[in-house]
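Q: Residue numbers for the sequence shown follow UniProt numbering, beginning at 1 and rising by one.
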Amino acid sequence: MSINHLDMLLHSVANSLNQYLKKHQRDNVLMVGIHTGGVWVAKQLHTLLNLPQPLGQLEIAFYRDDFSRIGLHPHVKPSRLPLEVDDRHIVLVDDVLHTGRTVRAALNELFDYGRPASVTLVVLIERNGRELPIQPDVVGYSLHLEPGKHVKLCGPEPLSLEIRTLA
Numbered sequence: 001m002s003i004n005h006l007d008m009l010l011h012s013v014a015n016s017l018n019q020y021l022k023k024h025q026r027d028n029v030l031m032v033g034i035h036t037g038g039v040w041v042a043k044q045l046h047t048l049l050n051l052p053q054p055l056g057q058l059e060i061a062f063y064r065d066d067f068s069r070i071g072l073h074p075h076v077k078p079s080r081l082p083l084e085v086d087d088r089h090i091v092l093v094d095d096v097l098h099t100g101r102t103v104r105a106a107l108n109e110l111f112d113y114g115r116p117a118s119v120t121l122v123v124l125i126e127r128n129g130r131e132l133p134i135q136p137d138v139v140g141y142s143l144h145l146e147p148g149k150h151v152k153l154c155g156p157e158p159l160s161l162e163i164r165t166l167a
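1. For Glu-146, write down the residues that DSSP places opposite it in a beta bridge.
2. Below 8 Å CB to CB, which residues in the same chain sit around Lys-149 once its five sequence neighbours on both sides are set aside?
3. For the beta strand (DSSP E) containing Glu-162, name the first residue and the last one.
4. Alpha carbon to alpha carbon, what distance is there between Asp-27 and Ile-85?
5. Contact defined as beta carbons within less than 8 Å: I believe Tyr-63 pairs with Glu-109. What is the distance between those atoms, to the nearest angstrom?
6. Quick one: give me the first and last residue of the alpha helix (DSSP H) that Thr-102 is part of.
7. Report the three-state DSSP secondary structure of Val-93 (helix, strand or coil).
8. How would you call Thr-47, buried or exposed, if buried means at least 16 neighbouring beta carbons within 10 angstroms?
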């Protein structure tokens, strides 16, 4: 996807999220991106929506259900949540929703920090292949890929989307 198309997609997601938040009367939200691609998308959305609260970041490495098989990446950074999550409306952002396992890990970590009033899931790309019953509230683009195909957000500057074949 070209930079211009991705920029239009990000504006569309920001507009849809803004409408969703108004419809559900959620203001003063805390936006949290899932490391790495979700943080890149969240930064763009945070800027487009001009949100007053600082952006949060979740590093879910310790919460992954495949942690015992793949081990720890040597450059794991801590999560950064600038505000308390208790009774706060959280906007959780990821780049690609595939199996649902990344979002499950993020939710587990988020609830270790406290009990949010709500969590709104926003994804740039939703693709087939769900393994867990996780569905986004706001989607930029839904994509059906054949087995063995993978969508990757590259960045951070400029952001681009690539469809790759797994080896």
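For glycine and all other residues, C-beta sits at the position ideal for the given N, C-alpha and C.
Everything numeric in this text was worked out from a predicted model, so none of it was measured.
A: In short:
1. For the purposes of this step, residue 146 is taken as residue 146 along the sequence shown, with counting starting at 1. DSSP lists no partner for Glu-146.
2. Locating residue 149 in the sequence shown gives position 149, where the first residue counts as 1. These residues qualify, in order along the chain: Ile-163, Arg-164, Thr-165, Leu-166.
3. As a working mapping, residue 162 is identified with position 162 in the sequence shown. It spans 160 to 165 - the beta strand (DSSP E) in which Glu-162 sits, taken as one unbroken run.
4. Residue mapping note: residue 85 aligns to position 85 of the sequence shown, counting from 1. Residue mapping note: residue 27 aligns to position 27 of the sequence shown, counting from 1. Checking the sequence, you will find Val at residue 85 rather than Ile. Near 14 Å, if we compare the C-alpha coordinates of Asp-27 and Val-85.
5. Your numbering for residue 63 matches position 63 in the sequence shown. Your numbering for residue 109 matches position 109 in the sequence shown. Yes, they are in contact, since the Cβ atoms of Tyr-63 and Glu-109 sit about 5 Å apart, within 8 Å.
6. Along the sequence shown, read from residue 1 onward, the residue named residue 102 stands at position 102. Per DSSP, the continuous alpha helix (DSSP H) segment holding Thr-102 begins and ends at 101 to 113.
7. The sequence position of residue 93 within the sequence shown is 93, counting from 1. Residue state, collapsed to three classes: strand.
8. The sequence position of residue 47 within the sequence shown is 47, counting from 1. Flag for Thr-47 reads exposed.
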